[in-house]
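Numbered continuously in my numbering, the sequence shown closes out at residue 354. Here's the structure we're looking at; comments come further down.
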Amino acid sequence: MNYQTATELAQIGNRSDIQTGAVSAPIYLSTTFSHPALGQSTGYDYTRTKNPTRTILEEALANLEAGSQAIVTSSGMSAIQLVFNYFPAKSEFLVSRDLYGGSYRYFQELERQNASVFHYFEDFDSLKSQINEEITAVFLETPTNPLMQEVSITEAAKLAHQYHALLIVDNTFSTPLRQQPLKEGADIVVHSGTKFLSGHNDLLAGVVVAKEPEVGQRLAWLSNTTGPTLSSFDSWLFIRSLKTLKVRFEQQERNAQKIAAALENISPIEKVLYPGIGAMISFCVRDAAKIPEFLNRLNLITFAESLGGVETLITYPITQTHGDIPKELRESYGLTDHLLRLSIGIEDSQDLLKDLICGFQVFDE
Ligand SMILES: *Cc1c(COP(=O)(O)O)cnc(C)c1O
């Protein structure tokens, strides 16, 4: 029976241990599993291949993203590496221009090694004008990190499939609560599970979800072969965190909507980039020279990289998350030293706003 998302989330792992009735799923630390007899298996042989705690998590994530199979890994980057490992050497990819800085760094490295070729698109028109039969897959973020540019997954999937390319979506920012790329035609979804899905700034994890079983099986085979495996303890922590995803995300989003609206009326701010959903807000200040002092002035909001957690963070992308993108290149598409990025937490929005307004006073001094 299929329940509503809130119910599915809260119930992850419950009734998984019939023997004891444990409500919180057990952590199976065993790396190996005994065989009943030669040629027989309980379904579990070795933890890199499959682990009961991880299986509960993977089934929940496949369900949440409406896919056939999920694979959890030790970080978002290992999830992205697993996906690119799926394609033959020398493949050509078409990827979002505005992109998480670590993904960009990895793509640059693949290109430096002559392992694959990357082309970058700014919007749907540039995607359309660059796609051809040589492209093996399209990889996109929507909204993008940190410029919040959006592209239609449905349209991108239609276009990619016309050219026999797969569509991969990094769904870290929107989460499956706001966007289910596989339902819109994408073939593979990836996540940094470190962000909203686990949401407490205490767990590094990655997620890959495939629509088609054959793709999922091949990815699981590759994961077993190369070993980017998430430990059973971290799998349990991920399950525990996922149970509250909906309440956390809704509170974060409500706060973000209020704060984005308030930022529109603050004079040191030149523009606010907020797509209307989710808890990520970027904004540009008129006077970049005041940013160090502004960051110093904040008492509640923490200056740190990462996002999606219950604590509100502020990031200066050009020195942190996107520090590896050359200045000239990032400035050419609008990622300037004027831009700051907020990841809104679950605190009271009034307290967050007061902290920001107090910080913004440095621009008038
Ligand atoms: C953080 C992030 C990643 C990388 O994930 P890690 O868990 O830090 O390895 C990938 N994509 C996006 C959009 C991210 O924000």
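Quick reminder that beta carbons are idealized off the backbone N, C-alpha and C, glycines included. Everything numeric in this text was worked out from a predicted model, so none of it was measured.
Between the segment 180 to 199 and the segment 223 to 231, can you find at least three pairs of beta-carbon atoms closer than 8 Å?
yes
At a cut-off of 8 Å, would you count Phe107 as near ligand 1, judging by its Cβ distance to the nearest heavy atom?
no
CA-CA distance, Asp344 and Leu289?
6 Å
In or out: Gly2 buried (at least 16 other Cβ within 10 Å) or exposed?
buried
In angstroms with no decimal places, state the Cα-to-Cα distance between Val314 and Phe272.
Contrary to the premise, residue 314 reads as Ile rather than Val in this sequence. For Ile314 and Phe272, the distance between alpha carbons rounds to 19 Å.
Following a CB-centred definition, is Glu130 positioned closer than 8 Å to any heavy atom of ligand 1?
yes
May I have a chain-ordered list of the beta strand (DSSP E) segments no shorter than 3 residues that lie completely inside the segment 102 to 152?
106 to 110 and 124 to 130
Helix, strand or coil: which one does DSSP assign to Glu336?
coil
Rounded straight-line distance, which links the Cα of Gln169 to that of Glu122
26 Å
Rounded C-beta distance between Leu368 and Ser221? I'm assuming under 8 Å.
The requested residue 368 does not occur in the structure, where the chain is confined to residues -10 to 354.
Sequence-distant residues of the same chain with beta carbon closer than 6 Å to Ala126, five excluded per side
Phe82, Ala154, Leu155 and Ile157
Determine the burial state of His180: buried for a count of at least 16 other Cβ atoms within 10 Å of its Cβ, exposed for fewer.
buried
I need the DSSP call for Gln206, collapsed to helix, strand or coil.
helix
Using 10 angstroms around the beta-carbon of Asp353, count the other beta-carbons present and answer buried if the total reaches 16, otherwise exposed.
exposed
If you count every other CB in all the chains shown that lies within 10 Å of the CB of Asp337, and 16 or more means buried, which is it?
exposed
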